[in-house]
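Numbering (our numbering), first residue to last: 18 to 188.
Set out below in structure tokens:
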């Protein structure tokens, strides 16, 4: 729901701060985007920051960026789970038990996320650090590249942005 719609439904000039948290907020590792309304002042945003900081990262964005926020951090956990599903299925196909495959994939993704959070390098640099020339990781990444996975993710996020925008217009 757009801020203008919320403000229009209020009887007075009430401060509104639109918030978009994602599901990892339930384990205090969420991402919440905040967009200030017409009457929201710095102290209103400060209160919203304090409220949402308890469940993870908080970022202030213009409302025009909320469709992108929805597509990236709102839907992002599903993308990660989708990748994890594929990794688990492949691990089982190659002889690991479902239980072990699941535990290994969860810890691998958790560890990669933590490494990325602590590193002073962007994700492409971290990826290259894991990719030995002529090695197993390079072989796998070559297949992902040939299958257009990077472009598919970009197209998926674009579809989510467009759908978010469309849903906002329907209200």
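For every residue, glycine included, the Cβ atom is placed at its ideal position computed from N, Cα and C.
Please look up how many angstroms separate the CB atoms of residue 86 and residue 50, rounded, as I've assumed it's under 8 Å. About 4 Å; that satisfies the 8 Å criterion.
Please name the residue in 69, 140 and 47 whose C-alpha comes closest to that of residue 93. The shortest Cα separation from residue 93 among 69, 140 and 47 belongs to 47.
So, does the stretch 29-43 touch the stretch 53-60, judging by three or more C-beta pairs under 8 Å? Contact between the stretch 29-43 and the stretch 53-60 is present, because at least three Cβ pairs lie under 8 Å.
Which partner residues of residue 37 appear in the DSSP bridge assignment? According to the DSSP secondary-structure assignment, residue 37 is paired through a beta bridge with 50.
Residue 80 to residue 65 span [Cα, whole Å]: Going by the C-alpha atoms only, they are around 15 Å apart.
Hey, out of 163, 120, 146 and 96, whose CA is closest to residue 174's CA? Across the set 163, 120, 146 and 96, the C-alpha of 96 shows the shortest separation from the C-alpha of residue 174.
Ignore the nearest five residues each way along the sequence and tell me which others in residue 45's own chain have a CB closer than 8 Å to its CB. Closer than 8 Å at the Cβ level, and outside the excluded window around residue 45, lie 71, 72 and 73.
Starting from residue 77 and walking both ways along the beta strand (DSSP E), at which residues does that stretch end? Where residue 77 is concerned, the enclosing beta strand (DSSP E) stretches over 73-77.
To the nearest angstrom, how far is the alpha carbon of residue 136 from that of residue 145? Near 13 Å, if we compare the C-alpha coordinates of residue 145 and residue 136.
Please state if the CB of residue 148 and the CB of residue 154 are separated by a distance shorter than 8 Å. In this structure, residue 148 lies closer than 8 Å to residue 154 by Cβ.
Which of the three DSSP states is assigned to residue 45 in this structure? Three-state DSSP puts residue 45 in coil, outside helix and strand.
Residue 140 and residue 133: beta carbons closer than 8 Å? Contact flag set, yes.
Going by alpha carbons, who is nearest to residue 178 out of 20, 27, 29 and 89? Just measuring C-alpha positions, the residue of 20, 27, 29 and 89 sitting nearest residue 178 is 89.
Can you tell me whether DSSP reads residue 151 as helix, strand or coil? Reduced to three states, the DSSP call for residue 151 is coil.
Among the candidates 102, 118 and 101, whose CA atom is the shortest distance from the CA of residue 109? Nearest Cα to residue 109 within the set 102, 118 and 101: 118.
Three-state class that DSSP yields for residue 137 in the structure shown: Correct three-state label for residue 137: coil.
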